[in-house]
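Visitor:
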Amino acid sequence: MTDNTGNQHQMLRFCPKCGAESFVYDNFKSFTCASCGFVFYHNAAAAVMGVLTLEDRILFARRAHDPARGKLDLPGGFVDPNETAAEAMRREIKEEMGFDLGILKYLGTAPNYYVWGGMVYPTCDIIFHAELMEMPSVLDKREISEVVLLAPDRVVPEDLAFPSNVAALELWACWQEK
Ligand SMILES: [Zn+2]
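The C-terminal residue of the sequence shown carries number 165 in my numbering, and the numbering is unbroken.
Here is the structure:
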């Protein structure tokens, strides 16, 4: 039904306002009802991603489920309503790895697509850096099968889950040079 570039066959066919089977996707960011004219916007969702370093190595989480099951991901997740990006970053790490992050440094953003339940969600990934004091000892195994520490020159792009992982590592490398 979907691929990982945002292209999708239309899943939402019925207008949530008038119920007619007349929802038309513009193949970009909105659905319009041909019957009542209602427009539903499918804008980029805010998400967070952390480049977490322990001395000179970067922490990767191996994904326990699809999308990209078995691939290495930088930890993070979606921003909840009424939450700041920094709060989302701290909450996701607390939920998935059981510890409190220290100082967060904003690195930049990168677009991504996340496929869930057959829907393609465009995201704007907000990328932070934080230094770790130690390896996480608790993992939410529903989300992460293991954590791996890799030196930057040992990272293989093909092993990464998402294009925004690559962008995040590039942003982090840029900041290292400053
Ligand atoms: Zn309608």
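Every residue, glycine too, gets a C-beta built ideally from N, C-alpha and C.
1) Tell me the rounded alpha-carbon separation between Tyr28 and Arg129.
2) Grouping DSSP H, G and I as helix and E and B as strand, with all else coil, what is Asp(-2)?
3) Is the closest heavy atom of ligand 1 to the C-beta of Phe27 under 7 angstroms?
4) Nearest CA to the CA of Ser22: which residue from Pro3, Lys16, Val38 and Ala31?
5) Can you check which of these residues, Glu164, Phe1, Val35 and Cys20, is closest to Ala155 by C-alpha distance?
6) Per DSSP, what are the beta-bridge partners of Trp159 in this structure?
7) Within the continuous beta strand (DSSP E) that includes Ile113, where are the two ends?
8) Using 8 angstroms as the threshold, is the region 37 to 49 in touch with the region 138 to 154, meaning 3 or more CB pairs across them?
9) What do you reckon, are the CB atoms on Cys63 and Met76 nearer than 8 angstroms?
10) Going by alpha carbons, who is nearest to Glu133 out of Gly37, Tyr12 and Lys58?
11) For a test of the three-state rule: what should DSSP assign to Val143, helix, strand or coil?
Guide: Per the coordinate set shown:
1) 31 angstroms
2) The question names Asp, yet the displayed sequence has Met at residue -2. Three-state DSSP puts Met(-2) in coil, outside helix and strand.
3) no
4) Pro3
5) Val35
6) None, per the DSSP bridge assignment.
7) Met106 to Glu118
8) yes
9) First, the amino acid is wrong: residue 63 is Gly here, not Cys. Yes, Cβ-Cβ distance for Gly63 and Met76 is below 8 angstroms.
10) Lys58
11) coil
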